[in-house]
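Going line by line, the protein sequences match chains B and G. Under the UniProt record's numbering, the first residue of the first sequence carries the number 1, and numbering increases by one thereafter. Under the UniProt record's numbering, the first residue of the second sequence carries the number 1, and numbering increases by one thereafter. Note that beta-carbon positions come from the ideal geometry of N, C-alpha and C, so glycine has one too. Bear in mind the structure is a predicted one, so any value in this text is a computation, not a measurement. First up is the structure itself, then whatever we jot down about it.
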Amino acid sequence: MEREEKYQTLKNIVKVYLPEDVDVTDIKQNSHFMENLNINSANLVDIVLDVEDAFDIRLENEDMDQMQTVNDALAIIDAKLSQK
Amino acid sequence: MEGKVYSNEYSKKMSERSWQWVLEALPYTEPFLFVDELTNIHATGAEGRYRFPPDAYFYKGHFKDRPVTPGVLLTECCAQIGLVSLGIFLLKNEKNLQHLTIGMSSTAMEFLKPVFPGEIVRVVSVLEYFRFQKLKCSVKMFNEENNLVCKGTIAGMIGFNNG
Numbered sequence: 001m002e003r004e005e006k007y008q009t010l011k012n013i014v015k016v017y018l019p020e021d022v023d024v025t026d027i028k029q030n031s032h033f034m035e036n037l038n039i040n041s042a043n044l045v046d047i048v049l050d051v052e053d054a055f056d057i058r059l060e061n062e063d064m065d066q067m068q069t070v071n072d073a074l075a076i077i078d079a080k081l082s083q084k
Numbered sequence: 001m002e003g004k005v006y007s008n009e010y011s012k013k014m015s016e017r018s019w020q021w022v023l024e025a026l027p028y029t030e031p032f033l034f035v036d037e038l039t040n041i042h043a044t045g046a047e048g049r050y051r052f053p054p055d056a057y058f059y060k061g062h063f064k065d066r067p068v069t070p071g072v073l074l075t076e077c078c079a080q081i082g083l084v085s086l087g088i089f090l091l092k093n094e095k096n097l098q099h100l101t102i103g104m105s106s107t108a109m110e111f112l113k114p115v116f117p118g119e120i121v122r123v124v125s126v127l128e129y130f131r132f133q134k135l136k137c138s139v140k141m142f143n144e145e146n147n148l149v150c151k152g153t154i155a156g157m158i159g160f161n162n163g
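As structure tokens, then:
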């Protein structure tokens, strides 16, 4: 899977959990989930669970702690996919 | 006959006792504790009971001259028995249970029957997942006639403050 394709898949997951005052066009690769996209910790867990299903990977607590931005998420997805 | 009654009483007492530590670890007290007893807790669900006291303060206002238990309190009762008690049980190996912090993150409930003052309700929960400190359960509440009172899903974040 190409990086752009992964990015689109991730965006499609994230947009479901965006609060009303944040638009899907606000999602950038350097967006911070909580600070820029106003996603709370409970919804961040939902994003992680959806990412696991979409990419058929499993994230651990350390991955969750590191997953602050969209770029972080893409890096974690890449790392997990390469371990498969 | 008497012996049989005795042994039932005894096994009831024992089962109550085994979940007593969970009841004591709940971070609520009057007037916002909505758990009388926990009757069963296991890795994938919890069950317990609560009697809404007929003299509870909220019946004076909900509704004027027609007391009915507010839906938000049925939801709270479901959350305390179904979600928080289960969460405490699942975290039983954590040493700092007294520093537990809990926040409800989402609820989706349907209410099917009214609960009147003095009614005893039974809550049964089924774990959906508990990952990254987020606990999500489906819950059902039944009245004494075993009719479904309300049902839905409740999720919360359960963690520890390091203070």
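Apart from the 5 residues on each side of it in sequence, Pro-70 (chain G) sits with its Cβ closer than 7 Å to the Cβ of Phe-58 and His-62 in its chain, given in chain order.
Assigned with DSSP and collapsed to three states, Ser-106 (chain G) falls in strand. Sequence-distant partners of Val-24 (chain B) (beyond 5 residues in either direction) whose C-beta falls short of 6 Å from its own C-beta, in its chain, are Lys-15. Beta-bridge analysis with DSSP links Arg-49 (chain G) to G:Glu-37 and G:Arg-122. The residue from G:Gly-152, G:Phe-116, G:Ser-105 and G:Leu-100 with its alpha-carbon nearest to that of Ser-85 (chain G) is G:Leu-100. Not a single CB atom of chain G sits nearer than 8 Å to the CB of Leu-10 (chain B). Its chain contains no residue whose beta carbon lies nearer than 7 Å to that of Thr-29 (chain G) once the 5 sequence neighbours on both sides are disregarded. Non-local C-beta neighbours of Pro-67 (chain G) in its own chain, meaning closer than 6 Å and more than five positions away in sequence, comprise Tyr-59 and Pro-117, ordered along the chain.
For chain B, the residues of the segment 121–141 of chain G that bring a beta carbon within less than 8 Å of one of its beta carbons are Tyr-129, Arg-131, Phe-132, Gln-133 and Lys-134, in chain order. The beta carbon of Phe-55 (chain B) lies closer than 6 Å to those of Ile-77 in the same chain, with the five residues before and after it left out.
Taking 8 Å as the CB threshold, Ala-79 (chain G) stays off the interface with chain B. A Cβ of chain G is located within less than 8 Å of the beta carbon of Leu-49 (chain B). Assignment of Glu-128 (chain G) by DSSP, reduced to helix, strand and coil, places it in the strand class.
When secondary structure is reduced to three states using DSSP, Ala-155 (chain G) falls in the strand class. For the segment 142–157 of chain G, residues whose beta-carbon sits nearer than 9 Å to a beta-carbon of chain B comprise Ala-155, Gly-156 and Met-157. Closest in C-alpha terms to Val-123 (chain G), from the list G:Gly-159, G:Phe-89, G:Ala-25 and G:Asn-147, comes G:Asn-147. Beta bridge pairing from DSSP links Lys-136 (chain G) with G:Tyr-129 and G:Ala-155.
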